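Reminder that position 214 of the sequence shown reads as 214 in UniProt numbering, one-by-one numbering, no gaps. Even glycine gets a Cβ: it sits at the ideal position worked out from N, Cα and C. Since the structure is predicted, the reported quantities are computational estimates derived from the model, not experimental observations. Step one of this worksheet: look at the structure below.
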Amino acid sequence: MSHPHPELSTPAKLRKGGLRVTAFGGLGEVGRNMTLFEYDGRLLIVDCGVLFPEDHQPGIDLILPDWSSIRDRLDDVEALVLTHGHEDHIGATPYLLRERKDIPLVGSKLTLALLDSKLREHRLRETVHHVVKEGDRLTLGPFELEFVAVNHSIPDALAVAIRTGAGMVLHTGDFKMDQLPLDGRITDLRAFARLGEEGVDLFLTDSTNAETPGFTPSEKKITPVINQVFRESNQRIIVACFASHVHRVQQVLDAAYAHERQVAYVGRSMVRNMAIARDLGYLKVPPGVLVDTKDLADLPPERQVLISTGSQGEPMSALSRIAQRNHHFVHIEEGDTVLLASSLIPGNENAVYRVINGLARWGARVVHKGNAMVHVSGHASAGELLYCYNIVKPRNVMPVHGEIRHLLANAELARATGVENVVIAEDGVVVDLVDGVAKVAGKVDCGYVFVDGSSVGDITESDLKDRRILGEEGFISVIVVVDSVSGKVAAGPEIHARGFAEDDATFDDIKQPIIDALDRAIAEGNTDAHQLQQTVRRVVGRWVSNTHRRRPMIIPVVLEA
């Protein structure tokens with residue numbers, strides 16, 4: 001990925017007494033959040049999440065933040081602070097710990113419990129944990145941390161105030177200001193105001209909903225809609241939501257209990273996360289509601305509820321397999337109701353609508369955000385952000401967590417409340433807080449790190465370009481044998497194609513031009529195999545482009561006999 005600010009150079013050495021802030025992900029995109037703080041030669045990381053691939057990134061499983069600029073300084077890291085348990089904030093942690101497994105982890109009880117299950121999958125067990133809650137203070141090297149309760153679409157989310165000799169930073173993490181949350185845990189605006197009175201020198205604020213006017217609706221507004229779905233459904237109900245959305249699962253369990261239905265979880269991550277949430281007391285399961293999936297099959301359809309993963313149309317998720325009718329035990333039937341209790345993450349629209357169409361084809365009634373209020377955002381809208389700016393009254397603001405349009409909208413809100421210095425940064429842009437003023441100081445390399453199976457960082461943008469060409473245009477292989485004595489074509493060209501044209505006769509017109517071009521090249525003294533292969537590539541490429549208006553991958557092979 002080319003850097004969005006080519007005019008910036010490598011930053012100079014941080015001035016003594018200054019604080020350096022660098023985002024390795026999450027700025028200019030929604031996902032892979034990771035922010036580095038440097039003070040007095042020591043480092044603190046806040047969040048370490050993943051970004052999920054889009055259609056133009058074929059074969060990629062995950063995208064990680066690029067921490068290559070500090071790879072040789074990982075021993076200077078005091079801790080990794082995790083604001084909450086969503087994948088875009090914790091998902092890359094195992095990959096970081098592969099490089100230094102003893103980095104202390106700081107987070108709430110639920111956040112670290114969700115992370116622990118991921119670490120076990122990566123066979124990472126010897127990690128240092130600091131379990132914290134709102135109101136706690138923790139000193140790690142030159143960083144004094146204070147944690148503040150914030151409301152989000154997952155329990156136990158925290159904002160963090162970071163005090164250093166350069167001043168105080170307040171990082172909201174992901175948050176909103178739901179005044180009637182399901183768990184009764186509101187964003188602690190009193191703490192925000194108290195920190196504002198002390199003096200917030202740099203305010204890092206969630207930008208995801210900065211373009212949305214007003215206030216984000218309360219989670220409680222979803223409850224009547226879910227109950228209506230249950231009342232109107234005469235057969236099985238399948239609810240798809242994020243595997244970490246404890247609040248939404250709680251609402252479904254309560255509705256099932258009220259309508260005398262029983263519930264089973266479908267999907268490994270759903271089963272795992274809800275077991276953790278229940279064990280820790282964040283999920284209250286009504287008596288007799290939860291059953292194993294194999295027991296659910298013995299119940300009549302009008303008493304069945306399945307809570308599944310796959311609300312974003314992920315190809316291998318339970319819901320996608322149900323829509324394709326290849327799930328090993330859940331088979332969609334006419335009259336079933338499917339509730340997609342989530343919003344669309346940008347880039348997933350086609351995949352989600354493909355699943356909706358697949359379910360509807362088999363006769364299911366699909367209830368989603370487009371036709372019912374079945375989801376509310378977990379992020380603060382513009383009205384809430386304005387409240388925060390007026391309460392905190394920060395000296396400097398750096399919008400975080402969002403695409404560039406979100407960051408710019410958040411910046412305008414900050415300026416509207418009187419904040420004079422607002423810094424817009426993207427991934428890799430270095431911001432220094434010196435003498436109470438935040439300024440862009442340069443940039444560091446910060447591209448995408450692709451996870452492809454067991455490969456981490458080996459796949460490049462060039463590799464993805466090749467994959468896209470193969471997927472969209474196909475490929476043509478050309479094999480030619482040249483007599484090393486006479487310099488003439490001794491055999492071939494033999495041409496094979498996949499994803500382009502299956503009829504070999506298609507290539508009859510180009511075989512003689514290939515031979516003629518090779519004869520000319522050899523007569524001119526070009527006998528190197530690589531040069532001859534390039535000659536073949538040029539001739540075939542020009543012919544394919546002019547004749548078929550296509551640009552397949554061309555793989556020429558020239559052998560000497």
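Contacts around residue i, its chain only, beta-carbon distance under 6 Å, and the 5 residues preceding and following it disregarded
{"i": "Leu19", "result": "Tyr39, Thr164, Ala166, Leu433"}
{"i": "Ser317", "result": "Thr309, Gly310"}
{"i": "Ala12", "result": "none"}
{"i": "Pro556", "result": "Val478, Gln533, Val536, Arg537"}
{"i": "Arg542", "result": "none"}
{"i": "Leu8", "result": "Gly442, Lys443"}
{"i": "Asp76", "result": "Arg42, Leu43"}
{"i": "His331", "result": "none"}
{"i": "Leu140", "result": "Glu78, Ala79"}
Helix, strand or coil at residue i [DSSP, three-state]
{"i": "Asn546", "result": "helix"}
{"i": "Ser381", "result": "strand"}
{"i": "Asp279", "result": "helix"}
{"i": "Asn151", "result": "strand"}
{"i": "Pro493", "result": "strand"}
{"i": "Val289", "result": "coil"}
{"i": "Ser2", "result": "Confidence in Ser2 is poor, its pLDDT being 42 and thus under 50, which makes the residue's placement too unreliable to answer from."}
{"i": "Tyr39", "result": "strand"}
{"i": "Ile226", "result": "helix"}
{"i": "Tyr353", "result": "helix"}
{"i": "Pro552", "result": "coil"}
{"i": "Pro11", "result": "coil"}
{"i": "Gln533", "result": "helix"}
{"i": "Met168", "result": "strand"}
{"i": "Gly204", "result": "First, the amino acid is wrong: residue 204 is Leu here, not Gly. Correct three-state label for Leu204: strand."}
{"i": "Ile251", "result": "This sequence places Gln at residue 251; Ile is not what is there. Three-state result, Gln251: helix."}
{"i": "Gly402", "result": "strand"}
{"i": "Lys176", "result": "strand"}
{"i": "Ser308", "result": "strand"}
{"i": "His89", "result": "helix"}
{"i": "Gln262", "result": "strand"}
{"i": "Thr111", "result": "helix"}
{"i": "Phe215", "result": "coil"}
{"i": "Phe507", "result": "helix"}
{"i": "Met34", "result": "strand"}
Beta-carbon spacing of residue i, residue j below 7 Å
{"i": "Val430", "j": "Ala438", "result": "no"}
{"i": "Asp206", "j": "Asp254", "result": "no"}
{"i": "Ala159", "j": "Val148", "result": "yes"}
{"i": "Leu299", "j": "Ala323", "result": "no"}
{"i": "Asp66", "j": "Gly402", "result": "no"}
{"i": "Val539", "j": "Ala517", "result": "yes"}
{"i": "Glu412", "j": "Met177", "result": "no"}
{"i": "Pro155", "j": "Tyr282", "result": "yes"}
{"i": "His84", "j": "Thr208", "result": "no"}
{"i": "Leu124", "j": "Leu96", "result": "no"}
{"i": "Arg236", "j": "Pro286", "result": "no"}
{"i": "residue 566", "j": "Leu105", "result": "Because the chain here runs from 1 to 561, residue 566 falls outside it and cannot be looked at."}
{"i": "Arg71", "j": "Asp201", "result": "no"}
{"i": "Val131", "j": "Gly91", "result": "no"}
{"i": "Leu145", "j": "Gly107", "result": "no"}
Beta carbon proximity, residue i to chain D, threshold 7 Å
{"i": "Lys101", "result": "The structure shown contains no chain D; it is built from a single protein chain."}
Reference residue i, options the options, closest by Cα
{"i": "Ala23", "options": "Ser68, Val266, Gln304", "result": "Ser68"}
{"i": "Thr93", "options": "Ile70, Asp76, Leu64, His152", "result": "Leu64"}
{"i": "Val252", "options": "Leu105, Ile424, Ala341, Ala416", "result": "Ala341"}
{"i": "Asn151", "options": "Asp183, Gly267, Val489, Val239", "result": "Asp183"}
{"i": "Arg32", "options": "Asp72, Arg73, His86", "result": "His86"}
{"i": "His328", "options": "Glu334, Ser320, Gly335", "result": "Ser320"}
{"i": "Leu559", "options": "Pro513, Ala491, Val449", "result": "Ala491"}
{"i": "Ile103", "options": "Glu426, Gly335, Arg73", "result": "Arg73"}
Contacting residues, own chain, Cβ-Cβ under 7 Å from residue i (five flanking each side not counted)
{"i": "Ala264", "result": "Val291, Asp292, Thr293, Leu296, Leu306"}
{"i": "Gly17", "result": "Gly165, Ala166"}
{"i": "His368", "result": "Leu340, Ile356, Val374"}
{"i": "Gly153", "result": "As written in the sequence, residue 153 is Ser, which differs from the Gly given in the question. Within the same chain, Ser153 has close Cβ partners His245, His247, Gly378."}
{"i": "Thr417", "result": "Leu386, Tyr389, Asn390"}
{"i": "Val289", "result": "Leu253, Ala256, Tyr257, Gln262, Val263"}
{"i": "Asn273", "result": "Leu114, Ala243, Ser244"}
Sequence-distant residues of the same chain with beta carbon closer than 8 Å to residue i, five excluded per side
{"i": "Val444", "result": "Thr10, Pro11, Thr22, Ser69, Gly428, Val430"}
{"i": "Thr35", "result": "Val21, Thr22, Ala23, Phe24, Gly26, Ile45, Val46, Asp47, His171, Leu204, Val400"}
{"i": "Lys101", "result": "Leu124, Glu126, Thr127"}
{"i": "Ile276", "result": "Leu110, Ala113, Leu114, Ser117"}
{"i": "Glu134", "result": "Phe147, Val148, Ala149, Leu158, Asp188, Ala191"}
Indicate whether the contact test is met: 3 or more Cβ pairs, each with one atom in the stretch 203-222 and one in the stretch 371-379, closer than 8 Å. A contact exists between the stretch 203-222 and the stretch 371-379.
Using a Cβ distance threshold of 8 Å, determine whether the stretch 224-231 contacts the stretch 416-424, with at least three qualifying pairs required. Between the stretch 224-231 and the stretch 416-424, the count of C-beta pairs closer than 8 Å stays below three; the two stretches do not touch.
Contact the stretch 191-198 vs the stretch 229-241: 3+ CB pairs below 8 Å: These segments do not touch.
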